[in-house]
Amino acid sequence: MTASIDWRRNLEGLDATLLRRRSTRSYSGQNLKIEELLALLDFTYQPDHYILQGLDRSPDYFDLSLLETFIAVSGVEGLEEGCYYYAPKAQELRQIRFKNFRRELHFLCLKQDLGRDAAAVLFHTADLKKAVKQYGDRAYRYLHMDAGHLGQRLNLAAFYLRLGVSGIAGFFDDQVNEVLGIPPDEAVIYITTLGRPR
91 MTASIDWRRN
101 LEGLDATLLR
111 RRSTRSYSGQ
121 NLKIEELLAL
131 LDFTYQPDHY
141 ILQGLDRSPD
151 YFDLSLLETF
161 IAVSGVEGLE
171 EGCYYYAPKA
181 QELRQIRFKN
191 FRRELHFLCL
201 KQDLGRDAAA
211 VLFHTADLKK
221 AVKQYGDRAY
231 RYLHMDAGHL
241 GQRLNLAAFY
251 LRLGVSGIAG
261 FFDDQVNEVL
271 GIPPDEAVIY
281 ITTLGRPR
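Rendered as structure tokens:
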């Protein structure tokens with residue numbers, strides 16, 4: 091799909107990023123390049139691409155098969171506006187809705203400007219009934235831990251590439267699915283916004 095991020099010799103780039111990483115407070119509204127988005131997805135979902143740089147090929151997740159990823163694209167050069175499903179095994183973006191969702195994202199993210207001004211907004215979702223049936227009531231906690239782990243990988247990669255990134259935990263749950271075309275049995279667990287910092 092794309093080249094891996096080069097974290098430099100002895101992971102110097104990762105060490106520096108861990109010390110300096112901060113959440114973005116506002117975006118400029120400018121576009122990302124598709125290569126940048128693909129690099130973020132590569133680091134987040136393809137850990138085996140980084141074993142030669144000294145990173146763990148199998149990070150300690152609970153069960154990533156329970157999480158799905160949807161991306162609302164508002165401003166990525168080389169990608170049509172709309173909502174995409176990301177298939178990590180195939181490393182494919184599959185468009186499910188055609189539309190610019192900036193106005194709706196502003197509302198869905200409780201009128202936070204981060205949702206409106208981001209170039210892309212990534213949604214981690216899970217089928218809660220399936221997860222609880224498989225693992226019991228504690229599955230809900232584990233889903234949030236795994237989504238947070240993925241979100242932190244996005245954060246590190248975005249900051250290293252000098253892009254803006256911020257997680258959002260406040261949103262209108264049911265409306266997200268309806269507006270973006272996410273299947274109704276998928277509950278939104280966590281949101282990460284991506285863009286160019288102001």
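Residue numbers for the sequence shown follow my numbering, so the first one is 91 and each next one is one higher.
Cβ atoms here follow ideal geometry from the backbone N, Cα and C, with glycine treated the same way.
Residue i versus the options, residue with shortest Cα-Cα distance
i: L128; options: A237, G238, Q143, L212; result: L212
i: A208; options: R112, Y117, L108; result: Y117
i: H214; options: V166, D263, D203; result: D263
i: R231; options: E158, I279, L244; result: I279
i: E276; options: L108, L154, V166, E158; result: E158
i: D132; options: Q185, V166, L154, P178; result: P178
Identity of the residues DSSP links to residue i by a beta bridge
i: L157; result: A216
i: E167; result: K123
i: E182; result: A177
i: V211; result: A162, T283
i: I258; result: I281
i: F188; result: G172
i: Y117; result: P287
Nonlocal neighbours in the same chain, by C-beta distance under 7 Å from residue i, ignoring five residues either side
i: L156; result: A216, A221, L233
i: G103; result: W97, Y250
i: M235; result: F152
Beta-carbon spacing of residue i, residue j below 9 Å
i: L218; j: T134; result: no
i: L270; j: A162; result: yes
i: A247; j: I95; result: yes
i: G285; j: A237; result: no
i: T282; j: G260; result: no
i: F191; j: G168; result: no
i: Q181; j: Q136; result: yes
i: F197; j: I272; result: no
i: L195; j: S164; result: yes
Cα-Cα separation, residue i to residue j
i: Q120; j: R110; result: 23 Å
i: Q176; j: R99; result: Strictly speaking, residue 176 in this sequence is Tyr, with Gln absent from that position. Each residue's alpha carbon lies about 30 Å from the other.
i: G226; j: F152; result: 13 Å
i: E170; j: F188; result: 8 Å
i: M91; j: Q265; result: Confidence in M91 is poor, its pLDDT being 49 and thus under 50, which makes the residue's placement unreliable; the coordinate value appears in the next sentence. Answer to the nearest angstrom: the Cα atoms are 32 Å apart.
i: L101; j: Q224; result: 37 Å
i: Y147; j: S113; result: According to the sequence displayed, residue 147 carries Arg and not Tyr. So the alpha carbons of these two residues sit roughly 26 Å apart.
i: L200; j: W97; result: 35 Å
i: L251; j: E126; result: 8 Å
i: L145; j: D138; result: 8 Å
i: Y174; j: L142; result: 30 Å
i: L122; j: R228; result: 37 Å
i: L244; j: G205; result: 16 Å
i: D150; j: Y140; result: 15 Å
i: Q185; j: R193; result: 19 Å
i: Q242; j: L154; result: 14 Å
i: L183; j: V166; result: 13 Å
Test: residue i CB closer than 9 Å to a CB of chain D
i: I272; result: No chain D appears in the structure shown, which is made up of a single protein chain.
Neighbourhood of residue i by C-beta, 6 Å cutoff - its chain only, sequence neighbours within 5 removed
i: P274; result: N267
i: P287; result: T114, G254
Other residues of its chain near residue i: CB distance less than 8 Å, five sequence neighbours each side excluded
i: L108; result: L246
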